[in-house]
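Before any comments, here is the structure.
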Amino acid sequence: MNNLVQKPNLLKSPWSETFHQLVSGVDENLILVSPFIKRSKTAEILIELKRRRVENKVRVVVLTDLRPESTLNGSTDLEALVELGNNLPQVDLTHLPSLHAKVYVADRKMAIITSGNLTDSGLSRNIEYGVAFTDEKVVGEIRQDFEQYSLLGAKVSPEEVESLLEEMKELKDLFKKAEQTIRAQARRAFKQKLEAAHIQLLRHRAKGKTTNAIFSDTIVFLLSKGPLCTIELHPLIQRLHPDICDDSIDRVIDGVSFGKKWKHHVRNAQQFLKREGRIRYDGERWHLVA
1 MNNLVQKPNL LKSPWSETFH QLVSGVDENL ILVSPFIKRS KTAEILIELK RRRVENKVRV
61 VVLTDLRPES TLNGSTDLEA LVELGNNLPQ VDLTHLPSLH AKVYVADRKM AIITSGNLTD
121 SGLSRNIEYG VAFTDEKVVG EIRQDFEQYS LLGAKVSPEE VESLLEEMKE LKDLFKKAEQ
181 TIRAQARRAF KQKLEAAHIQ LLRHRAKGKT TNAIFSDTIV FLLSKGPLCT IELHPLIQRL
241 HPDICDDSID RVIDGVSFGK KWKHHVRNAQ QFLKREGRIR YDGERWHLVA
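Going by our numbering, the sequence shown opens with residue 1, and the numbers climb by one from there.
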């Protein structure tokens, strides 16, 4: 039996041609994982899918970071996500605030893991590096990993992104005023609007999932990689959910707790999973039950 895996191709900058090859080969499912996304790149994707007349057939899955700061500093165009939703019938968008990976997958044909974001700079101008896989088994494993990652984030509809876009337009105007003046009123208005944008995003996090469910899914995900003690779990969970595990705040939004009591909720999730028989404790470490 031949167990050889096809050797990956190394990607040096610019790697935009390889990305175009990936998009031009997709038939059913395109995964885009990037903290920063620009409209110019999503426009190219739309053009290619429409050129091949597969825009109604291909399901596009996007994992990104929708925190307001990314839009304010110009790293992400929310318009890009709105246009995807308006032009494609099958778009799944997930907000994952701890996202740093940049991964692009076409069906089971090709996967790119790279340092480059889905931006002009990331694909063409910056010094980036990565690998492209065409082995079906490896591509399938990468796809499965990021389908699991998507379960840790919050699903956001194109309509909700459009609402957030309107908030950000107003926030940008206030930001400019705050930069141009030292008046306390402008700074206060900007701070209040920024807080409102954060709360709106936290509401998406709270939608459809309890605090216990969020932490339970995360614990199972982490323990799938090996046993961990609680003191090891805490920083890993906090890195995955910085918005929920913020030690500087204490608030409840739509029944989901955000802030100082997060370790208490982690403990509750551990006990819940233990009662359900999904994890066990050996006196030192937590284990996933096979």
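Think of the CB as a built atom: it goes at the ideal place given N, C-alpha and C, for glycine as much as any other residue. Small disclaimer: the values here were computed from a predicted structure and weren't measured.
For this session: Report the option in S124, K176, T119, V26 whose CA atom is closest to the CA atom of L78.
Result: Minimum Cα distance to L78 is reached at T119.
For this session: Pair every Cβ in the region 163-180 with every Cβ in the region 189-208, then say whether three or more of these pairs are closer than 8 Å.
Result: Counting C-beta pairs closer than 8 Å gives three or more between the region 163-180 and the region 189-208, which meets the contact rule.
For this session: Can you give me the start and stop residues for the beta strand (DSSP E) that I31 sits inside?
Result: Under the DSSP assignment, I31 falls in the beta strand (DSSP E) whose first and last residues are 29-33.
Exercise. Exposed or buried, what is K191 when buried is set at 16 or more other beta-carbons lying within 10 Å of its beta-carbon?
Worked result: With fewer than 16 other beta carbons inside 10 angstroms of its own, K191 counts as exposed.
Exercise. Between which two residues does the beta strand (DSSP E) containing R53 stretch?
Worked result: Note, R53: premise wrong, no beta strand (DSSP E); not H, not E.
For this session: With DSSP as the reference, label D120 as helix, strand or coil.
Result: The answer is helix: DSSP assigns D120 an H, G or I state.
For this session: On the DSSP bridge assignment, give the partners of G130 in chain order.
Result: Per DSSP, L11, T114.
Exercise. In whole angstroms, what is the alpha-carbon distance linking G122 and G116?
Worked result: It is roughly 4 Å from the alpha-carbon of G122 to the alpha-carbon of G116.
Exercise. Looking at C-alpha atoms only, which residue of T18, P97, K274, H20 is the closest neighbour of V220?
Worked result: With distances taken between Cα atoms, V220 lies closest to K274.
Exercise. Does the distance from the CB of H95 to the CB of A154 come in under 8 Å?
Worked result: A contact, by the Cβ cut-off of 8 Å.
For this session: Helix, strand or coil for V26, going by three-state DSSP, please let me know.
Result: Correct three-state label for V26: coil.
Exercise. For A106, which three-state DSSP category applies?
Worked result: The three-state reading of DSSP puts A106 in strand, counting E and B together.
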